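Here is the structure we will look at.
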Amino acid sequence: MMLKCVVVGDGAVGKTCLLMSYANDAFPEEYVPTVFDHYAGKMFYIKRYINKLR
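According to this note's numbering, the sequence shown is numbered sequentially starting from 1482.
Right under this line is the structure:
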């Protein structure tokens, strides 16, 4: 299943770090400049209910 996610927020709040932490299951130890607009990672889905953010 392909999932496309759009993250919107103010600058310098950690959007890229949040996504990379979720995709890699680890917090980046170095600063990662946001010079890319695409990132692919593997995610395992376990059948369960997921709370939607509102």
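Note that beta-carbon positions come from the ideal geometry of N, C-alpha and C, so glycine has one too.
Just so you know, these numbers come straight off a predicted model, no measurement behind them.
Is residue 1504 helix, strand or coil when you go by DSSP?
helix
Under the three-state reduction of DSSP, which class applies to residue 1485: helix, strand or coil?
coil
Please report the straight-line C-alpha distance between residue 1515 and residue 1495, rounded to a whole angstrom.
10 Å
Cβ neighbours of residue 1509 in the same chain (closer than 8 Å, five flanking residues each side left out):
1498, 1501 and 1502
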